[in-house]
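Asks:
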Amino acid sequence: MYNIPENLKGLTEAEVEISRKKYGYNTLGQVQTETWLHMLFSILKEPMLILLICVSFIYILTGDYGEALFMIAAILAVTAISFYQDNRSKKALKELEKLNEPLSKVIRNSEIIEIPTFEIVVGDLCITEEGNLINADGIIVHSNDFSVNESSLTGESFSVFKDSHSEDNHVYSGTVTVSGLAVFKAEHIGKESKVGKIGQSILTIKEEPSPLQIQIQKFVKGMAVIGVIVFLAVCIFSFIKTGKLLDSLLNGLTLAMSVLPEEIPVAFTTFMALGAWKLMRSGVIIKRSSIVETLGSVTVICTDKTGTITENAMQLKYVYDYHSDRNYEEREFQSETLNELIQYAMWSSEPVPFDPMEITLHKTYEQTQHIDNRKNFKLFHEYPLEGKPPMMTHVFENEQKKRIIAAKGAPEAIINVSVLSEDEKDKLRKVVKNFAEQGYRILGVGKSDFEGDNFPDKQQDIKFEFLGFTVFYDPPKKEIQNVLQKIYDAGIKVKVITGDNADTTRAIASQAGIKNTAAAINGSDISSVSEEELMKLSEDTTLFTRMFPEAKLKVITALKKDGHVVAMLGDGVNDGPALKAAHIGVAMGNKGTEIAKSAAALVITNDDLEKLVIGIAAGRRIYANIKKAVQYIISIHIPIILTVSLPLFLGWIFPDIFTPVHVIFLELVMGPTCSIVYENEPLEKNAMKKPPRHLTDTFLNWKELAISIIQGLVITAGILWIYQYAVYHGSDETKTRAFVFTTLIFANILLSLVNRSFYYSILESFKNRNFLLAGISFLVLVLLFVILYVNPVSTFFSVSSLTIQELGLALLTAAVSVLWFEIYKFFKRVLDK
């Protein structure tokens, strides 16, 4: 595959081990892996655990050793749950990191192999080619028309041609191969490389939190402040009333525990990490887990045409020969008339083709030519694909110094550099338009007899003889219409950004089912408009053709300024800036260059646009589930807080209706429900029929929170009613506590079922299977009955057993307190119709 000298054998396995022991791994710094001890200490610093430890000490001081032991057990349980969640999240993120680790080609034991980049050692023979990021400092030992962009180190944007004989024959980590191929011997890796020495600050860069993350942090901090204020108020109020310091501290700590919503940040981290991990298993690799949140807010998808909307099959359907002025179909390719055109189309391609069109041209050459001259000619000089519109030129030479100079590219580019009259050019443009309007991809082919070695800097300065067109058909993917319809149903716009011409793009877009009512815009037109005009053009236009890197970047920037959340799909070196600028840069896993993958936030492993739809659906599911979890936490915390505080402040007969034992049991129930159960909730059936939410919108606003607060207050009313009912009918403290505690547990289970959807009925939600929800609900009921009816446990919880009628009353009260929300959802559905 690679034309590499046989004398380049590379290191042996033994030499690799020796080098690694001496110089280490190719990383900018030793990333410290977090041990279980570090994880444990970080968990023990959580406010809830600090409160539990304080309560345990107070119980020991007051001689209540049973309660102290329960608190210690609770500490272990909360730690175990947190440890499990943290470990699960970190494992998911580690799996993502492994997939994001780039691979590098090296020669070892005379074989070309791919290894993880961090395994490159000093002395390795590394291979870099067009589109690759160079991953070590080294000296060139072999090259073929190799040029490199060193702007990451020098700030200069132009490419530099280098070979083993150049004055500067070194390459540097972090730079980009623009054209050709080079083999270099690694001299410095990791921290010792040039970029390593100046880029240590990279290790200290922290990921920016998302808008939702910031709001959750503010909300939790706010609740923590309220918890401290309430703690002090209860302590002072209780101490003034009773004069007992330790009991007052216990009352204050109980209420502080009920206020702290520590489940929320845990739920957020878990949902994001597991969401990214699940997407990875679906073929969507995400670089940062917070991207999952942004995915659900995408309003515009900017996609390439070839290989994303189309099959990337590139079947050669026709050849137009200029000299005979006629089109030849596939069955006529053997004609002697076409020999020169087919030969030069092949010679203008890469010697080892990877582009589908170039692969097709090589195959056509093999099938139609009697003599294969490819082994007799060596690539002597090369002009890479560039220009507006683009073209490329190859110069081959054999041992007899006979030369072949072949060029191919966009039809306009080849027509412009060919010796033709204006009438001839107009005639050829009509041929191009005719093919393009049928959705064909056209390449112009030319030849030159340029003599000497003093090649001009630009290939456009060489005079060419026009030979003809190669006409390819790349049909739209079979399922692309269904995929695009799903995108449109989700309220997302689709824009095609391609290097192809307007007529071809329009035809393929129409065949694929892309909605388009505006004229196509060329990249050259974008350069001349103002920022305000470009924002309007970017909003109204669907097809962007003959696009170059600067034009792509301008369109992405304009869409962002217009308030859109942009997902940009790209695969080439030139897509890097636009991928980086988009909210979500999406690189193609199969045809994507290393530069595109490193610039992107997300990689689709099989270049399938439907994977992005899956990602958007996952983003919406995860956001909706976080919303459900947080609103559930807020709704259930309100009755706990008020049930602990109101009897005390209002001077009711049993002021300490809940002790820390009861609150921590409820916390142990709520933690898994919100962070494990709701994470497992499937996508609601209307989720991909709604327009995307605005990226800065979150559910932590008064309009959204009002629903949760009302839910919590209604549940509180039910709890306090059952409290007064029990007292009115002569129940003692243990019976009243049993009534209140049981009603709150029933309400908790019903609320977790009701809040599975804020739109569909509870019965509709049952169709979405969630075995974790059923399992945890059943386990909570079993524990409740153990607390009520197993004597040592009920004594410990200071409750007495309830009769069937009393259980029924508690369940009825809980049902009325929670299920009223089904009426609200019913009217919401009616109003939507």
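Numbering-wise (the working numbering), the sequence shown opens with residue 644 and increments by one. The beta-carbon is built from N, C-alpha and C at its ideal position, and this holds for glycine as well.
According to the neighbour-count rule (16 or more other Cβ atoms, all chains shown, within 10 Å of its Cβ), is residue 785 buried or exposed?
Replies: Here the question's residue 785 lines up with position 142 in the sequence shown. With 16 or more other Cβ atoms within 10 Å, it is buried.
Asks: With burial defined as no fewer than 16 other Cβ atoms inside 10 Å of the residue's Cβ, what is the status of residue 1082: buried or exposed?
Replies: In the sequence shown, residue 1082 corresponds to position 439, counting from 1. So residue 1082 counts as buried.
Asks: For residue 1133, which residues of its own chain have a beta-carbon under 6 Å away from its beta-carbon, when the five flanking residues on both sides are left out?
Replies: Counting from 1 along the sequence shown, the entry for residue 1133 is found at position 490. The residues are 1331.
Asks: Over the uninterrupted alpha helix (DSSP H) stretch that includes residue 1367, give me the two end residues.
Replies: Stepping through the sequence shown from its first residue, residue 1367 is reached at position 724. Residue 1367 -> alpha helix (DSSP H) spans 1345-1371.
Asks: To the nearest whole angstrom, what separates the beta carbons of residue 1112 and residue 963, a pair I think is in contact under 8 Å?
Replies: Position 469 of the sequence shown, counted from the first residue, corresponds to residue 1112. Position 320 of the sequence shown, counted from the first residue, corresponds to residue 963. Contact holds; Cβ gap of about 4 Å.
Asks: Where does residue 1231 fall in DSSP's three states?
Replies: As a first step, residue 1231 is located in the sequence shown; it is residue number 588 there, counting from the start. In this structure, residue 1231 counts as strand in the three-state DSSP scheme.
Asks: Per DSSP, what kind of secondary structure is residue 1249 in: helix, strand or coil?
Replies: Residue numbering aside, residue 1249 sits at position 606 when the sequence shown is read from its first letter. Note: residue 1249 maps to coil in three-state DSSP.
Asks: Any chance you could list the alpha helix (DSSP H) runs of at least 4 consecutive residues sitting entirely within the stretch 911-948, in chain order?
Replies: Counting only runs of 4 or more, we get 934-938.
Asks: If you measure between the beta carbons of residue 1365 and residue 1382, is that distance less than 7 Å?
Replies: Numbered from 1 along the sequence shown, position 722 holds the residue referred to as residue 1365. Numbered from 1 along the sequence shown, position 739 holds the residue referred to as residue 1382. Cβ distance < 7 Å, so residue 1365 and residue 1382 count as in contact.
Asks: Along the alpha helix (DSSP H) that carries residue 788, what are the first and last residues, could you check?
Replies: Numbered from its first residue, the sequence shown carries residue 788 at position 145. From DSSP, residue 788 is part of no alpha helix (DSSP H) but of the beta strand (DSSP E) over 780-792.
Asks: Using the Cβ count rule (16 or more neighbours within 10 Å means buried), how would you classify residue 1446?
Replies: Reading the sequence shown from its first residue, position 803 is the one you call residue 1446. The residue in question, residue 1446, is exposed, as its Cβ has fewer than 16 Cβ neighbours within 10 Å.
Asks: If you draw a straight line from the C-alpha of residue 969 to the C-alpha of residue 977, how long is it?
Replies: Numbered from its first residue, the sequence shown carries residue 969 at position 326. Numbered from its first residue, the sequence shown carries residue 977 at position 334. Their backbone Cα atoms lie some 15 Å apart in a straight line.
Asks: According to DSSP, simplified to helix, strand and coil, what is residue 1409?
Replies: On the sequence shown, residue 1409 is found 766 positions in, with the first residue counted as 1. Coil at residue 1409, not helix or strand.
Asks: Would DSSP call residue 1091 helix, strand or coil?
Replies: Locating residue 1091 in the sequence shown gives position 448, counting from the first residue. Strand at residue 1091.
Asks: Please state the DSSP three-state secondary structure of residue 1063.
Replies: Numbered from 1 along the sequence shown, position 420 holds the residue referred to as residue 1063. Reduced to three states, the DSSP call for residue 1063 is coil.
Asks: According to DSSP, is residue 1011 helix, strand or coil?
Replies: Counted from its first residue, the sequence shown places residue 1011 at position 368. If DSSP states are grouped into helix, strand and coil, residue 1011 belongs with the helices.
Asks: Which term fits residue 1054, buried or exposed, when burial requires 16 or more other beta carbons within 10 angstroms of its beta carbon?
Replies: Here residue 1054 refers to the residue found at position 411 of the sequence shown. So residue 1054 ends up on the buried side.
Asks: Going by C-alpha distance, which of 1377, 1373, 1352 is nearest residue 1394?
Replies: Sequence index remark: in the sequence shown, residue 1394 carries index 751 (1-based). Selected option, being the one with the closest Cα: 1352.
Asks: Just verifying my parser: in three-state terms, what is the DSSP assignment at residue 961?
Replies: Counted from its first residue, the sequence shown places residue 961 at position 318. Three-state result, residue 961: strand.
Asks: Mapping DSSP to helix, strand and coil, what is residue 1458?
Replies: Here the question's residue 1458 lines up with position 815 in the sequence shown. Residue 1458: helix per DSSP, three-state reduction.
Asks: Nearest to residue 1275 by alpha carbon, out of 1299, 1358, 1254?
Replies: Taking the first residue of the sequence shown as position 1, residue 1275 is located at position 632. Looking at the Cα atoms, 1358 is the closest of the given residues.
Asks: For residue 1120, is the classification buried or exposed, using 16 other Cβ atoms within 10 angstroms of its Cβ as the cut-off for buried?
Replies: Start at 1 with the first residue of the sequence shown, and residue 1120 comes out as number 477. Classification of residue 1120: buried, given that the 10 Å Cβ count is 16 or more.
Asks: Can you check whether the CB of residue 1143 is closer than 7 Å to the CB of residue 948?
Replies: Position 305 of the sequence shown, counted from the first residue, corresponds to residue 948. Position 500 of the sequence shown, counted from the first residue, corresponds to residue 1143. Yes. Within cutoff.
Asks: For residue 982, does the three-state DSSP call read helix, strand or coil?
Replies: Residue 982 sits at position 339 when you count from the first residue of the sequence shown. It is helical.
Asks: Start and end of the alpha helix (DSSP H) containing residue 1432?
Replies: Taking the first residue of the sequence shown as position 1, residue 1432 is located at position 789. Start and end: 1414-1432.
Asks: State the start and end residues of the unbroken beta strand (DSSP E) segment that holds residue 754.
Replies: Translated into positions along the sequence shown, residue 754 becomes position 111. Run containing residue 754: 754-759, per the beta strand (DSSP E) assignment.
Asks: Return helix, strand or coil for residue 1111, following the three-state DSSP convention.
Replies: Translated into positions along the sequence shown, residue 1111 becomes position 468. Correct three-state label for residue 1111: strand.
Asks: For residue 941, count the other beta carbons within 10 Å of its own beta carbon; 16 or more makes it buried, fewer makes it exposed. Which is it?
Replies: Residue 941 sits at position 298 when you count from the first residue of the sequence shown. Buried, since its Cβ has 16 or more Cβ neighbours within 10 Å.
Asks: What residue does the beta strand (DSSP E) around residue 771 start on, and which one ends it?
Replies: The sequence position of residue 771 within the sequence shown is 128, counting from 1. First-last of the beta strand (DSSP E) with residue 771: 768-772.
Asks: Could you give the first and the last residue of the continuous beta strand (DSSP E) run that contains residue 1187?
Replies: Locating residue 1187 in the sequence shown gives position 544, counting from the first residue. 1186-1188 is the extent of the beta strand (DSSP E) around residue 1187.
Asks: Cβ of residue 1073 within 7 Å of Cβ of residue 1256?
Replies: Indexing the sequence shown from 1 puts residue 1073 at position 430. Indexing the sequence shown from 1 puts residue 1256 at position 613. Taking 7 Å as the Cβ cut-off, residue 1073 and residue 1256 do not qualify as a contacting pair.
Asks: Does the distance from the C-beta atom of residue 927 to that of residue 1258 stay below 7 Å?
Replies: Residue 927 sits at position 284 when you count from the first residue of the sequence shown. Residue 1258 sits at position 615 when you count from the first residue of the sequence shown. Yes, these two residues count as a Cβ contact at 7 Å.
Asks: Can you tell which of 696, 1378, 1467 has the C-alpha that lies nearest to the C-alpha of residue 1403?
Replies: Along the sequence shown, one-based indexing puts residue 1403 at 760. The option with the nearest alpha carbon to residue 1403 is 1467.
Asks: State the beta-bridge partners of residue 1026 as determined by DSSP.
Replies: Here the question's residue 1026 lines up with position 383 in the sequence shown. Its beta-bridge partners are 1036.
Asks: Leaving out five residues before and five after residue 1184 in sequence, what residues of the same chain have Cβ atoms less than 8 Å from its Cβ?
Replies: Translated into positions along the sequence shown, residue 1184 becomes position 541. Closer than 8 Å at Cβ, skipping near neighbours: 1138, 1161, 1162, 1163, 1164.
Asks: Going by DSSP in three states, residue 653 sits in which element: helix, strand or coil?
Replies: Position 10 of the sequence shown holds residue 653. Of the three classes helix, strand and coil, the one that applies to residue 653 here is coil, per DSSP.
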